[in-house]
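Asker: Dumping the structure here so I can ask a few things about it.
2 protein chains.
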Amino acid sequence: MVPRKRTDTDQADSPVCRTRVNNRAPIAGRWLPVEVGNSILARRVDGCVTVIPESHTDLLTRPLFGHLATIRPDGTAQSNPVWYIWDGEVVQFTFSTKQQKHRNVLTNPHVALSIQDPEDPYRYLEVRGIVETVDPDPNGGEFFMKLNTHYNGPFTESLYPTEGGIYTMRPTSTSKQGQ
Amino acid sequence: MVPRKRTDTDQADSPVCRTRVNNRAPIAGRWLPVEVGNSILARRVDGCVTVIPESHTDLLTRPLFGHLATIRPDGTAQSNPVWYIWDGEVVQFTFSTKQQKHRNVLTNPHVALSIQDPEDPYRYLEVRGIVETVDPDPNGGEFFMKLNTHYNGPFTESLYPTEGGIYTMRPTSTSKQGQ
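Here the protein sequences come in this chain order: X and W.
Residue 2 in the working numbering is what sits at position 2 of the first sequence, and the numbering runs on without skipping anything.
Residue 1119 in the working numbering is what sits at position 119 of the second sequence, and the numbering runs on without skipping anything.
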């Protein structure tokens, strides 16, 4: 991928909001891995909001597939296509709590989502952030079916009627390419 | 993304080939971050080859875009669309050595590439692996232009004539979904 006109909000737009994490120590106190149902995985303490570049918000609102980078408990990388939904403040995903992705975010809630424009493959948005909460998907998979509708998906009922999770990521920084 | 028919070769196909890594210690001796030009970042010592599922090799040979998960020096995740090429044994990428991705793989060579079938978004391949070598792209960007040709890209010369790198990833495990 070609880095023309790539920009990164990490330092440019919101240095004060940056959540610096080092695996070995200073992360403690900013987030705490917990089980589904207790809900709080991580919470930003500074009250800042990471702004998505307006030129690229369509990549969050259109029913495109994203690729979610997570970090496995052994410290190696994982990448999977995902459904997502954006409410203007946080990005939400659904997985089964039996999936490896679930174990990954419980161990390390730092994730990154990249979304490519299918009409222009050299235009993309990357949103890095922290999975703040994991909540049970209520009523046999209500959230799964909301995403299924958003994506015009093929399902008539949730694949995770009992073990579905709602994963809520708060963006901490973005990068983009293209106009 | 829906985990129907998902399989993982991690343990099923090649347990003996697994390269288990823990960020905190046992990785030492298996790989060593070095500068471009010295070339060896990591090398598997067991002589095993991770087999790509035959049903999904088309996703490696077609000129599709992949999303590459890397791990930043602060231990957080990054995801970017990438060009790639597969020779039947290793996957190769090109970046500029001035990009963050370069710094990431020098710090932690464990990466993951996910590729979705544009004709069937519920079919995908994930290849996890280790960037074994980083070599300078010779002759003003010969490798960049090879990828540009493979992707029918818009470039008439390399964007990285002097600082281009050839990143060679050896697969260590795969996962897939769909037929």
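Ideal Cβ placement from N, Cα and C applies to all residues, glycine included.
Could you check whether the Cβ of E126/X sits closer than 8 Å to any Cβ belonging to chain W?
Answerer: One-based indexing of the first sequence puts residue 126/X at position 126. Chain W, which has a Cβ nearer than 8 Å to the Cβ of E126/X, makes this yes.
Asker: Would you please state the rounded distance, in angstroms, between the beta carbons of P121/X and F1065/W? I believe it to be under 8 Å.
Answerer: Sequence index remark: in the first sequence, residue 121/X carries index 121 (1-based). Sequence index remark: in the second sequence, residue 1065/W carries index 65 (1-based). So it is a contact: roughly 5 Å between Cβ atoms.
Asker: Below 8 Å on the Cβ atoms is my contact criterion, and I expect G129/X with V111/X to pass it. Report the Cβ-Cβ distance as a whole number of Å.
Answerer: Working through the first sequence from its first residue, we reach residue 129/X at position 129. Working through the first sequence from its first residue, we reach residue 111/X at position 111. Confirmed, about 6 Å.
Asker: Measuring CA to CA, which of V82/X, P81/X, Q92/X, W83/X is closest to P136/X?
Answerer: Residue mapping note: residue 136/X aligns to position 136 of the first sequence, counting from 1. It is Q92/X whose Cα lies nearest to the Cα of P136/X.
Asker: V111/X touches chain W at which residues, Cβ-Cβ below 9 Å?
Answerer: Here the question's residue 111/X lines up with position 111 in the first sequence. Near V111/X (Cβ distances below 9 Å), the residues of chain W are T1076, A1077, S1079.
Asker: Hey, would you say H1067/W sits closer than 8 Å to K1176/W, going by beta carbons?
Answerer: In the second sequence, the residue the question calls residue 1067/W occupies position 67. In the second sequence, the residue the question calls residue 1176/W occupies position 176. Taking 8 Å as the Cβ cut-off, H1067/W and K1176/W do not qualify as a contacting pair.
Asker: Within the continuous alpha helix (DSSP H) that includes L1106/W, where are the two ends?
Answerer: Taking the second sequence and counting its residues from 1, the one referred to as residue 1106/W is at position 106. Run containing L1106/W: 1100-1107, per the alpha helix (DSSP H) assignment.
Asker: Nearest CA to the CA of G1165/W: which residue from V1105/W, K1101/W, F1095/W, I1115/W?
Answerer: The count along the second sequence starts at 1 and reaches residue 1165/W at position 165. Looking at the Cα atoms, F1095/W is the closest of the given residues.
Asker: Does G140/X pass the burial test, meaning 16 or more other C-beta atoms within 10 Å, or should it be called exposed?
Answerer: The residue labelled residue 140/X in the question sits at position 140 within the first sequence. Counting Cβ neighbours within 10 Å, G140/X comes out exposed, since fewer than 16 surround it.
Asker: Note down, in chain order, every chain W residue with its Cβ under 7 Å from the Cβ of S114/X.
Answerer: Taking the first sequence and counting its residues from 1, one reaches residue 114/X at position 114. Neighbours of S114/X on chain W, chain order: H1067, S1079, N1080, P1081.
Asker: Helix, strand or coil, according to DSSP, for N1139/W in the structure here?
Answerer: Locating residue 1139/W in the second sequence gives position 139, counting from the first residue. Coil, per DSSP.
Asker: Consult DSSP for E1126/W and reduce its assignment to one of helix, strand or coil.
Answerer: Within the second sequence, residue 1126/W is the residue found at index 126, counting from 1. Residue state, collapsed to three classes: strand.
Asker: Just to confirm, are M1169/W and V1090/W a CB contact at a threshold of 8 Å?
Answerer: One-based indexing of the second sequence puts residue 1169/W at position 169. One-based indexing of the second sequence puts residue 1090/W at position 90. Taking 8 Å as the Cβ cut-off, M1169/W and V1090/W qualify as a contacting pair.
Asker: What did DSSP end up calling D1074/W once you bin it into helix, strand or coil?
Answerer: On the second sequence, residue 1074/W is found 74 positions in, with the first residue counted as 1. DSSP places D1074/W in coil when its eight states are reduced to three.
Asker: Answer yes or no: does any C-beta atom of chain X fall closer than 8 Å to that of T1061/W?
Answerer: Counting from 1 along the second sequence, the entry for residue 1061/W is found at position 61. Closer than 8 Å: no.
Asker: Expressed to the nearest angstrom, what Euclidean distance is found between the alpha-carbon atoms of H102/X and P81/X?
Answerer: Residue 102/X sits at position 102 when you count from the first residue of the first sequence. Residue 81/X sits at position 81 when you count from the first residue of the first sequence. If you take the alpha carbons of H102/X and P81/X, they lie about 14 Å apart.
Asker: Helix, strand or coil: how does DSSP classify N80/X here?
Answerer: Looking up residue 80/X in the first sequence gives position 80. Strand.
Asker: Please work out which residues of its chain come closer than 8 Å, Cβ to Cβ, to F1105/W, disregarding the five sequence neighbours upstream and downstream, and give them in chain order.
Answerer: Here residue 1105/W refers to the residue found at position 105 when the second sequence is read from its first residue. The question names Phe, but residue 1105/W is Val in the sequence shown. Taken in chain order, the residues that qualify are L1041, T1070, V1111, V1131, V1134, Y1167.
Asker: Looking at L1125/W: is its Cβ nearer than 8 Å to the Cβ of Y1084/W?
Answerer: Within the second sequence, the letter at position 125 stands for residue 1125/W. Within the second sequence, the letter at position 84 stands for residue 1084/W. No, they are not a contact pair.
Asker: Around the Cβ of N1148/W, are there at least 16 other Cβ atoms within 10 angstroms (buried) or fewer (exposed)?
Answerer: Locating residue 1148/W in the second sequence gives position 148, where the first residue counts as 1. The residue is buried, with at least 16 neighbouring Cβ atoms inside 10 Å.
Asker: Is D1117/W closer than 8 Å to L1059/W when the C-beta atoms are compared?
Answerer: What you label residue 1059/W is simply residue 59 of the second sequence in a count that begins at 1. What you label residue 1117/W is simply residue 117 of the second sequence in a count that begins at 1. Yes, Cβ-Cβ distance for L1059/W and D1117/W is below 8 Å.
Asker: State the beta-bridge partners of D117/X as determined by DSSP.
Answerer: By one-based count along the first sequence, residue 117/X stands at place 117. Answer is D120/X, bridged to D117/X.
Asker: Which chain X residues sit within Cβ distance under 8 Å of P1121/W?
Answerer: One-based indexing of the second sequence puts residue 1121/W at position 121. Ordered by position in chain X, the residues that pass the 8 Å Cβ test against P1121/W are F65, P81.
Asker: When you compare only the Cα positions, how much space is there between F1143/W and P1063/W?
Answerer: Start at 1 with the first residue of the second sequence, and residue 1143/W comes out as number 143. Start at 1 with the first residue of the second sequence, and residue 1063/W comes out as number 63. If I take the Cα positions, the gap works out to 15 Å.
Asker: Once you ignore the five residues that flank T1156/W on each side, which residues in its own chain have a CB closer than 6 Å to its CB?
Answerer: Mapped onto the second sequence, residue 1156/W falls at position 156. Closer than 6 Å at Cβ, skipping near neighbours: no residue.
Asker: Do we get a CB-CB distance below 8 Å when we pair D1052/W with the residues of chain X?
Answerer: For the purposes of this step, residue 1052/W is taken as the residue at position 52 of the second sequence. Note that residue 1052/W is Ile in the sequence shown here, rather than Asp. With 8 Å as the cut-off, I1052/W does not count as an interface residue toward chain X.
Asker: What distance in whole Å lies between the Cβ atoms of S79/X and S1173/W, which are believed to be in contact at a cut-off of 8 Å?
Answerer: Here residue 1173/W corresponds to residue number 173 of the second sequence, with the count starting at 1. Here residue 79/X corresponds to residue number 79 of the first sequence, with the count starting at 1. The pair is not a contact, with the Cβ atoms about 12 Å apart (cut-off 8 Å).
Asker: With a threshold of 16 other CB atoms inside 10 Å of the CB of T1061/W, please say whether the residue is buried or exposed.
Answerer: For this step, residue 1061/W is matched to residue 61 along the second sequence. T1061/W comes out exposed.
Asker: Taking Cβ-Cβ distances shorter than 8 Å, what residues in chain W pair up with T70/X?
Answerer: As a first step, residue 70/X is located in the first sequence; it is residue number 70 there, counting from the start. Those are A1069, A1077, listed as they occur along chain W.
Asker: Leaving out five residues on either side along the sequence, give the residues of the same chain with a beta carbon under 7 Å from the beta carbon of K1098/W.
Answerer: Here the question's residue 1098/W lines up with position 98 in the second sequence. So the list reads E1163, once near-sequence residues are dropped.
Asker: Please go through the same chain and pick out, in chain order, the residues whose beta-carbon is closer than 6 Å to the beta-carbon of Y1151/W, but skip the five residues on each side of it.
Answerer: The count along the second sequence starts at 1 and reaches residue 1151/W at position 151. Excluding positions up to five away in sequence, the list reads P1063, W1083.
Asker: Hey, G75/X and R123/X: beta-carbon distance below 8 Å or not?
Answerer: Here residue 75/X refers to the residue found at position 75 when the first sequence is read from its first residue. Here residue 123/X refers to the residue found at position 123 when the first sequence is read from its first residue. Not a contact, by the Cβ cut-off of 8 Å.
Asker: Please state whether DSSP places F65/X in a helix, a strand or coil.
Answerer: Translated into the one-based positions of the first sequence, residue 65/X becomes position 65. The answer is coil: DSSP assigns F65/X none of H, G, I, E or B.
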